[in-house]
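Reading through the structure tokens given below for one structure.
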Amino acid sequence: MTNKHAALSQKFNEDEPRVNWHDKTLWFVRQKRDKAANTIPEWEDLREMASQIKFNVLSNLDNYLEEFELNAKANGVIVHWAADGEEHNKIIHSILKKHGISQMVKSKSMLSEECHMNEYLQKNGIEVIDSDLGERIVQLAEEPPSHIVMPSIHKKKEEIGMIFHKHLGSAEGESDPQVLTEIARHHLREVFLTRKLAFTGVNFAVAETGEIVVCTNEGNADMGVHLADVHIASMGIEKIIPQRKHLGVFLRLLARSATGQPITTYSSHFKKPRDGKEMHIVLVDNGRSRQLGREDFRNSLKCIRCAACFNTCPVYRRSGGHSYHTAIAGPIGSILAPNINMREYADLPFASTLCGSCSNVCPVKINIHEQLYKWRQTLVKEGHISASKKTGMYLMNSVLSSAKMLKVSGKMGRFMMRLAPFIVNNPLNKWYRQRDMPEAPKESFKEWYEHNKKKHE
Amino acid sequence: MNSREKILASVKKNKPTLTELPEINFPLKDENLLEKFSNIAASSGSLVVPVQSHKEIKAILENKFAIKDKRVFSSVKGLEDIQDGSQDGLPHSFHDLEMAIIESQLAVAENGALWIQDDNLLQRVIPFISQHLSIVVSQEDIVENMHEAYKRIGDAKYGYGVFIGGPSKTADIEQSLVLGAHGARSLTVFVVNTH
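Sequence order for the protein chains is A and B. The opening position of the first sequence corresponds to residue 8 in the working numbering, with each subsequent residue numbered one higher. The opening position of the second sequence corresponds to residue 410 in the working numbering, with each subsequent residue numbered one higher.
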């Protein structure tokens, strides 16, 4: 089986200057996160607190879900439950049909990407317009988002200008971000003023009060919802937090971790629909309760979707979100996706150097790098590994577990590298593709030690 | 078994052993809250204007935003006469709103944000649909951080509430910051100190 991530990243890396630009851009966001975190002396305590709150949530999830539903219903909200993506999409469609609405305005929802909601609705004659600027750009470009917070981080302004020229009537060659944003503002304002149904995601859902919180910088969630007759908000069941006051902890961590801002421009708390209007919340499982049962991987459900792990990951920075071929890319995506489909996403936990930077920046202290390692073991046990890798690992194991074998192969390797370097310095050696092989030392450490030990005795 | 029952049963079966909730207890730093609020709000793109009266606010709005000829909404007690145009309440009718002036009873120093509840608003869309937004808050209503803010909010029974931390913005095009994505293009915060 081919390693999809490796093949896709190879393609991405054909344009080295572009990869360097992508890398630099994302690292800059990581640096903004560091700056923001350093302004909070109690940052590490906040992380620990958030982690403990989320542990409690996972350990009491069924009760919190029932509490949330009860309180949301008391607020006049209609609550739905969807076992998987297909059921979720059918529920959304049925609400649209009930109201005779065929046009929907959407603000960012990674869950809807996971459920492939847009395609489903479009196939059923519903027009869906993404109102987050980054999402609108990739929607017009007919691509999936490459980052969960900055969906079109992979696109240059000239490319965006071309997309807007083609679809929104901007001048050819226009690439000024200010001008392009103004064009998008006018185009989407028309959409907000005419759509009767608005769909949003959920950043946090409060069990104690039945309210949901949506965080945006653009104000698109609010523009859509406050002008619509029907609001549908979809959420993964793990988005629950116990009490309203816990929002204080998470809202202090979220934007700082995601973009380095002290808070997003808008943190909107939706509790009741406007008079005479409708509000729906759809609770989605889609593999989450199964992940909850995996002792090694359940902590991945603590995720608050900030993407700090993406921004720091050297592999993500230099391979891009599309190389992960899944709705949520990066380190967190690599430990969530195999739960959804082990065969399809077996390549992802291997798309890592296990450097641990992700775990270091995660605001809720998910042990991402440890889970990446554990997933590798699970995937190999389940047989989701290529024959060549399997053979390679067996060979390495036999060499590394025998002192004699190690001595002999080491000596042979050093000899060959010194006398016939073309044996390793050629395109067949994957390690040679973008780097020079190291100079082979004359002796192994063991040989040097034996030699020098005698000298100094 | 419907999906609700299936999901709850699956969660119940798979959840780990119960762990405790932590206590939220961060000591306050006793800083100059107005200064901190002003600095952070400014770096988020807001304009912070300390004033001593509502008369000052009116003068500044008329000079800086030339509101005399434009549609204005005000829900601030003492600034009702700034309003222009019908305020009949349908959200779409505010599409040509140039300036909205609303009140807040809570501001947060650590992030420059102000808390607005739906009882401060005639229509929820007003702070977003208006081209420009002004918020009036009392200096004594500035708290240090979000924990203090939620203590103040308590169990308020709003239908909708929002923390507004600056003008609408986006950096989706090559990380270039642009103000005025879909919401208000500017945020002016009038901090009233009547002492």
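Virtual Cβ for every residue (Gly too), placed ideally from N, Cα, C.
Check whether the Cβ atoms of residue i and residue j lie closer than 8 Å to each other.
i: Met444(A); j: Met424(A); result: yes
i: Pro425(B); j: Arg54(A); result: no
i: Cys313(A); j: Ser264(A); result: yes
i: Asp91(A); j: Ile416(B); result: no
i: Leu506(B); j: Ile535(B); result: yes
i: Ile433(B); j: Val256(A); result: yes
i: Phe503(B); j: Gln526(B); result: no
i: Ser58(A); j: Lys309(A); result: yes
i: His87(A); j: Leu343(A); result: no
i: Met230(A); j: Phe537(B); result: yes
i: Arg325(A); j: Asp30(A); result: yes
i: Val517(B); j: Val552(B); result: yes
i: Ser455(B); j: Gly521(B); result: yes
i: Ile244(A); j: Arg295(A); result: yes
i: Phe435(B); j: His556(B); result: yes
i: Gly217(A); j: Ala81(A); result: yes
Are any of the Cβ atoms in chain A nearer than 8 Å to that of residue i?
i: Lys415(B); result: yes
i: Met508(B); result: no
i: Thr597(B); result: no
i: His556(B); result: yes
i: Glu465(B); result: no
i: His604(B); result: no
i: Leu437(B); result: no
Taking only beta-carbon positions, decide if residue i is within less than 8 Å of chain B.
i: Val84(A); result: no
i: Leu258(A); result: yes
i: Leu68(A); result: yes
i: Ile190(A); result: no
i: Ser275(A); result: yes
i: Gly363(A); result: no
i: Gln185(A); result: yes
i: Pro269(A); result: yes
i: Arg202(A); result: no
i: Asn27(A); result: no
i: Pro152(A); result: no
i: Met56(A); result: yes
i: Met8(A); result: Any reading at Met8(A) needs caution, since the residue's pLDDT is 49, under 50, leaving its predicted position unreliable; the model's value is listed next. Closer than 8 Å: no.
i: Asn224(A); result: yes
i: Phe19(A); result: no
i: Gly255(A); result: yes
i: Asn45(A); result: no
Using a Cβ-Cβ cutoff of less than 7 Å, which residues in the same chain neighbour residue i once the five nearest sequence positions on both sides are dropped?
i: Met157(A); result: Gly141
i: Met349(A); result: Leu386, Glu389, His391
i: Ile190(A); result: Phe171, Leu175, Ser177
i: Leu64(A); result: Per the sequence shown, residue 64(A) should be read as Val rather than Leu. Closer than 7 Å at Cβ, skipping near neighbours: Tyr71, Ile247, Ile248, Pro249.
i: Asp564(B); result: none
i: Leu258(A); result: Ile270, Ser274
i: Met8(A); result: Confidence is the limiting factor: at Met8(A) the pLDDT is only 49, short of 50, which leaves the residue's position unreliable, though a coordinate-based value still follows. Cβ within range, chain order: Ser393.
i: Asn131(A); result: His100
Assuming residue i and residue j form a contact by the criterion Cβ under 8 Å, report the distance between their Cβ atoms to the nearest whole angstrom.
i: Ile133(A); j: Met111(A); result: 6 Å
i: Leu588(B); j: Pro576(B); result: 5 Å
i: Ala262(A); j: Ser114(A); result: Ala262(A) to Ser114(A), Cβ: 16 Å. No contact.
i: Ser539(B); j: Ala468(B); result: The pair is not a contact, with the Cβ atoms about 20 Å apart (cut-off 8 Å).
i: Glu512(B); j: Val545(B); result: 5 Å
i: Ile465(A); j: Leu204(A); result: Residue numbering for chain A in the displayed model covers 8 to 464; residue 465(A) lies beyond these limits and cannot be assessed.
Ordered along the chain, which non-local residues of its own chain (more than five positions away) have a Cβ less than 6 Å from that of residue i?
i: Trp477(A); result: Because chain A here runs from 8 to 464, residue 477(A) falls outside it and cannot be looked at.
i: Phe206(A); result: Met111, Lys113, Ile239
i: Glu120(A); result: Ala334
i: Lys422(B); result: none
Starting from residue i, trace the alpha helix (DSSP H) in both directions and tell me its first and last residue.
i: Gly243(A); result: Counting along the chain, Gly243(A) falls outside any alpha helix (DSSP H), though it belongs to the beta strand (DSSP E) covering 237 to 243.
i: Met403(A); result: 394 to 407
i: Phe503(B); result: No alpha helix (DSSP H) contains Phe503(B), which DSSP labels as neither H nor E.
i: Glu414(B); result: 412 to 423
Would you kindly report the start and end of the unbroken beta strand (DSSP E) that includes residue i?
i: Gln110(A); result: 110 to 113
i: His287(A); result: 285 to 291
i: Ile85(A); result: 85 to 89
i: Val600(B); result: 595 to 601
i: Ile544(B); result: 541 to 547
i: Phe257(A); result: Unbroken run through Phe257(A) is the alpha helix (DSSP H), 253 to 265; no beta strand (DSSP E).
i: Ser275(A); result: 273 to 277
Compare the C-beta of residue i against all C-beta atoms of chain C and say whether one is closer than 8 Å.
i: Ala148(A); result: This model lacks chain C altogether, as its protein chains are A and B.
With a CB to CB cut of under 8 Å and the five nearest residues on each side skipped, what residues in its chain are close to residue i?
i: Lys418(A); result: Ser451
i: Thr223(A); result: Ser114, Lys115, Asp139, Asp229, Thr271, Thr272, Tyr273, Ser275
i: Glu215(A); result: Glu74, Asn78, Pro249, Gln250, Arg251
i: Glu568(B); result: Note on identity: in this sequence residue 568(B) is Gly, with Glu being the wrong assignment. For Gly568(B), where only same-chain residues beyond five positions count, the Cβ hits under 8 Å are Asp527.
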